[in-house]
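A.B. asks:
Residue numbers (our numbering), protein chains in the order written: chain A, 211 to 703; chain B, 211 to 703.
(1) So if DSSP puts residue 499 of chain A in a beta bridge, which residue, or which two residues, is it bridged to?
(2) From what residue to what residue does the alpha helix (DSSP H) around residue 433 of chain B run?
(3) For the region 487-509 of chain A, which residues have a CB atom closer than 7 Å to at least one CB atom of chain B, in sequence order?
(4) Where residue 337 of chain A and residue 402 of chain A are concerned, what is the direct C-alpha to C-alpha distance, given to the nearest angstrom?
(5) Could you tell me whether the Cβ of residue 556 of chain A comes closer than 8 Å to any Cβ of chain B?
(6) Residues of chain A with a CB under 8 Å from the CB of residue 681 of chain B: which are they?
(7) By Cβ distance, which residues of its chain are closer than 7 Å to residue 657 of chain B, with the 5 residues on each side in sequence left out?
(8) Secondary structure at residue 617 of chain A, three-state DSSP: helix, strand or coil?
(9) Please identify, using Cβ separations under 8 Å, the residues of the region 339-361 of chain A that lie next to chain B, in order along the chain.
(10) At 4 residues or longer, what runs of the alpha helix (DSSP H) sit wholly inside the region 478-529 of chain B?
(11) Does the beta carbon of residue 427 of chain B sit closer than 8 Å to a beta carbon anywhere in chain A?
(12) Between residue 198 of chain A and residue 281 of chain B, how many whole angstroms is the CB-CB distance? I'm expecting something under 8 Å.
(13) Expressed to the nearest angstrom, what Euclidean distance is found between the alpha-carbon atoms of residue 678 of chain B and residue 646 of chain B?
(14) Could you tell me the distance, in whole angstroms, from the CA atom of residue 534 of chain B to the CA atom of residue 453 of chain A?
(15) May I ask you to report which of helix, strand or coil DSSP gives residue 302 of chain A?
(16) Going by beta carbon distance, what residues of the same chain come within less than 8 Å of residue 350 of chain A, once the five residues before and after it are set aside?
(17) Determine, using beta carbons only, whether residue 297 of chain A comes closer than 8 Å to chain B.
(18) Could you work out which residues of chain B lie near residue 607 of chain A, taking near to mean beta carbons separated by less than 9 Å?
(19) Mind checking if residue 450 of chain A is an interface residue toward chain B, Cβ cutoff 8 Å exclusive?
(20) Taking only beta-carbon atoms, is residue 568 of chain B less than 8 Å away from chain A?
(21) Please identify, using Cβ separations under 7 Å, the residues of the region 389-402 of chain B that lie next to chain A, in order along the chain.
(22) Does residue 667 of chain A come out as helix, strand or coil in the three-state DSSP assignment?
(23) DSSP beta-bridge partners for residue 174 of chain A?
(24) So, using beta-carbon positions, are residue 416 of chain B and residue 425 of chain B closer together than 8 Å?
(25) Please compile the residues from chain A whose C-beta is within a distance smaller than 9 Å of the C-beta of residue 661 of chain B.
(26) On the criterion of 16 or more Cβ atoms from any shown chain inside 10 Å, does residue 397 of chain A qualify as buried, or is it exposed?
(27) Beta carbon of residue 256 of chain A, beta carbon of residue 292 of chain A: below 8 Å?
(28) Quick one: what does DSSP say residue 470 of chain A is sitting in, helix, strand or coil?
(29) Could I get the ranges of all uninterrupted beta strand (DSSP E) runs contained in the region 377-420 of chain B, with 3 residues as the minimum, in chain order?
(30) Going by DSSP, which residues form a beta bridge with residue 649 of chain A?
(31) In terms of DSSP beta bridges, what is residue 533 of chain A paired with?
(32) My output table needs one value for residue 272 of chain B: the three-state DSSP class, helix, strand or coil.
(33) Starting from the beta carbon of residue 304 of chain A, find every residue of chain B whose beta carbon is closer than 8 Å, and list them in chain order.
(34) Have a look at residue 232 of chain B and residue 562 of chain A and give me their C-alpha separation to the nearest angstrom.
(35) Is any beta-carbon of chain A found at less than 8 Å from that of residue 626 of chain B?
(36) With DSSP as the reference, label residue 284 of chain B as helix, strand or coil.
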């Protein structure tokens, strides 16, 4: 029975007959010697072994969001394995967080090093007792890829807390300015009221974010997240302002004036909120591409004007690069596409970095006293070392430029697909943005489920988008398999 | 020069002449074959090498809270090394977060395993694609030590997010109840208002915590933290209620009636706030011992009554065991000292667990729909495996019972010291609480600095307390060195 399913599914997947010969780069050699040539589908996913394990896990752990159980010992490169012998081409990559392939040999070497063992078993409180090699780990890793103009880092553990720590830095900075400078001490009233969660000590300030943004799900970050009701319902939130994010129409070249107006309207709304919201914003938080919220893009001009606007009103600009960062858009940081003269005040990162934190430049963003921005671990050196190995691997294989090229290749093929099946591939977007490509599907949820039958693990974003979030190791021959699979999915819908 | 300092300091430290022979257990054999017999002080701490490295690190990382740079490759057991050849007896242990000694051999073995390498290089999105062995890792690790009555876990990365996730679970639970049960769907109004951060979708509810509590420093957790102004100033906060934590007087046996009244007054205040606060509490959050806030204790009767009170008003009770958990009080979980029939609804953990999360029992605390409690990583299997190795080591050496015994030994010696120097060791507390011992010092900050000269790394809590937070591997002979050092410190103040 399994064999029957397999033969049918695999044959459907491995064929690439639909791809015009001129577009095939069959010569692209895999980065991973043991990577399969095509997906293998032995069973529905999850299969019997997976379902049994999920049932056991669900006794102690909420498994209702589980897609399938994975066998990471057998996963390799761009392929994810499950316990039923299935091997899927993974263009979701742990919600965009695997950068250089499963079981990457260089990462395995770093993970087996004595320095790693030391970091795992002697976890320091980094703010109090950093290890002698912490500076070196930062300089040869996290800071080696710091966005232009930003040369300091505050390390954290996940995207949510990285964002909240950046918000805290923004509030502290703003209040120091209002108080008359970092040397001006707190008043008695501020000290007393802070302990009661009241102003002026706990200030009546806000972070401005955009509609359909996603910035995390802790209480401060969730107050700036506006993606879906299921993320927010029943959780108390701060009364912080949201501006409309431009809703661009596609293809862009056919909607130039309309899109320009939408972007200007959004900027006008931001300025109005900065000037009028009852809790003044200390910072504007923005994703270069709204990722969880549906892959919503805006032009470099929009972001340039947003930078100018925030500068004009002395409001900080924070770029949330948790999902867009680390190469997937064909630049190491997606905000490099903006061509800013004046960089964002802070840039947050996580996911493909496998660790988290925020970059900043101005020493004025270091609070005026110690222990104002502090916690026990302040990150994890073990994960910071994994990021260092990721950076080395990205450099060795030139994976950012590679991803820009492969993205162009993939986008061209997706365009052809969209022309052939316009009803299934709507609002194709992400041109020139590496492999950070998405489209809207009228049967999105079915599409995602159906994809597994054809050996593709793929995810959605927003209400109707299918988002491609492959690793930086995606190559042309994977694109051929992917595009062929996408065609078969929509034919089967 | 360094040698001079050394000989003076070491001689002062290693002597144990002040300890009566009857109380010495010189036979206690170290758990670590290479552990030094006494601290070594070669220089002031930090010394020249340390200061040079700190200066370099501070170019890219805020180092104002750095105590000293540590050399974890040379640290062993209960001793922490620095780059200047100093070796201090560490009874602060990375803010109470090292459980079984530096460079513990069993942990090193776990950290070098192929399973660990796999977890480090193939980090899963645990909610969507857990590894096939995730259930086994939980059952043989985190869940093996689950508090009595609590058999489910939601994994997280640090104490702050563990607490906030528990708060989210409490809010969702409360709103489901108010809505008429988990099967009742959201209203249109709730869905629309949640996206605007407004009630009813973002409900007007709160978490009740105690004055001088510490529960973390993200926006939700910080709203329940009431330890020090420096933690809270300039950060917006929710208008959540705080009750007075009992301020017990010491010695306890001389203040029985007074302390009983203080505890009853606190309970009355809790009940009043539950019934009258304008944002009704969905949960009461409490530490078994207020650790960061100054080592404030309350009696088992207090907690029993708090459990009864929260049950009576249908408010959840969350025990924050981030600092008290994992053995240091002579029980695996400090709330075991309360002897409750009806366990807390949730127990949060981090620090000595080297990973984080919250335990719960009731399936009603699983939200009614998937993705309500979710994030990309939902913890880190690598760190969960380290906790499993810690648990194995605790079991192998029976370290919880060991810590109860050593704590009694240490407390008896501290009592003698307090009798001899009553002005320096005030309000000694933590009797019968393992090594979770503290006292107030009139010159606390000088005390902490001076301690390093005598080879002791020790921390403070609250405004005036010195807190002992040794590892579970602290033994009688370390206590002798510690108590001798404490005496020398106060003599030198």
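Don't be surprised by glycine CBs; every beta carbon is placed ideally from N, CA and C.
C.D. replies: The relevant details are as follows:
(1) Per DSSP, none; premise fails for residue 499 of chain A.
(2) 429-434
(3) none
(4) 27 Å
(5) no
(6) Going along chain A, no residue has its Cβ under 8 Å from residue 681 of chain B, so there is no contact; the nearest lies around 12 Å.
(7) 651, 676, 699 and 703
(8) helix
(9) 339, 340, 341, 342, 344, 345, 348, 349, 353 and 361
(10) 510-522
(11) yes
(12) Since the displayed chain A opens at 211 and closes at 703, residue 198 of chain A lies outside it and no answer follows.
(13) 6 Å
(14) 43 Å
(15) coil
(16) 598
(17) no
(18) Neighbours of residue 607 of chain A on chain B: none; closest Cβ ~16 Å, over 9 Å.
(19) yes
(20) no
(21) 396, 400 and 401
(22) strand
(23) Outside the displayed span of chain A (211 to 703) sits residue 174 of chain A, for which this structure offers no information.
(24) no
(25) Result: empty, since nearest Cβ-Cβ is about 14 Å, beyond 9 Å.
(26) exposed
(27) yes
(28) helix
(29) 416-420
(30) A/676
(31) Residue 533 of chain A is not bridged to any residue.
(32) coil
(33) 333, 334, 335, 338, 339 and 586
(34) At residue 232 of chain B the pLDDT is 41, less than 50, meaning the model places this residue with poor confidence; the figure from the coordinates comes in the next sentence. In a straight line, the C-alpha of residue 232 of chain B is about 59 Å away from that of residue 562 of chain A.
(35) no
(36) strand
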